[in-house]
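Accompanying notes for the structure given below.
Numbering (my numbering), first residue to last: 1 to 113.
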């Protein structure tokens, strides 16, 4: 599988996880059936896509990318759809998370570029 396909699967896993986490908020502690079903389906699909990427990307690196982008994306969803505000320390922290993933991807010899 090509690197583009591997990273495409990783991105799909991240997007599915963000959709699942958004549905988790909407499920109101699993009391609403539609969002609850979406949580289960999205998380299952996300982990399946993530598992496919682990054939080519070390688990620590894949999970670092997954978690960092997931945090940033779900924070954006919270901001836009749920009107949850981020203070300056939160924004700085998110920037540091993104910076860390960039450093790992650009400079680590652990992953194949």
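Beta carbons: idealized from backbone N, C-alpha and C, even for Gly.
Please list, in chain order, all residues of the same chain as residue i whose beta carbon is under 7 Å from its beta carbon, the five residues on each side excluded.
i: residue 86; result: 75, 79
i: residue 70; result: 14, 17, 18
Let me check understanding here. Comparing Cα to Cα, which of the options lies closest to residue i?
i: residue 18; options: 38, 3, 53; result: 38
i: residue 95; options: 4, 72, 50, 36; result: 72
i: residue 44; options: 58, 16, 70, 104; result: 16
i: residue 82; options: 2, 1, 26, 8; result: 26
Mind checking residue i: buried by the 16 CB within 10 Å criterion, or exposed?
i: residue 110; result: exposed
i: residue 53; result: buried
i: residue 90; result: exposed
i: residue 21; result: buried
i: residue 65; result: buried
Should residue i and residue j be called a contact, given that it needs their Cβ atoms to be closer than 8 Å?
i: residue 6; j: residue 56; result: yes
i: residue 13; j: residue 49; result: yes
i: residue 46; j: residue 10; result: no
By Cβ distance below 8 Å, which residues in the same chain neighbour residue i in space, the five residues on each side in sequence not counted?
i: residue 24; result: 35, 39
i: residue 101; result: 64, 65, 68, 69
Can you give me the Cβ contacts of residue i inside the same chain, cut-off strictly under 6 Å, excluding the 5 residues immediately before and after it?
i: residue 42; result: 16, 19, 20
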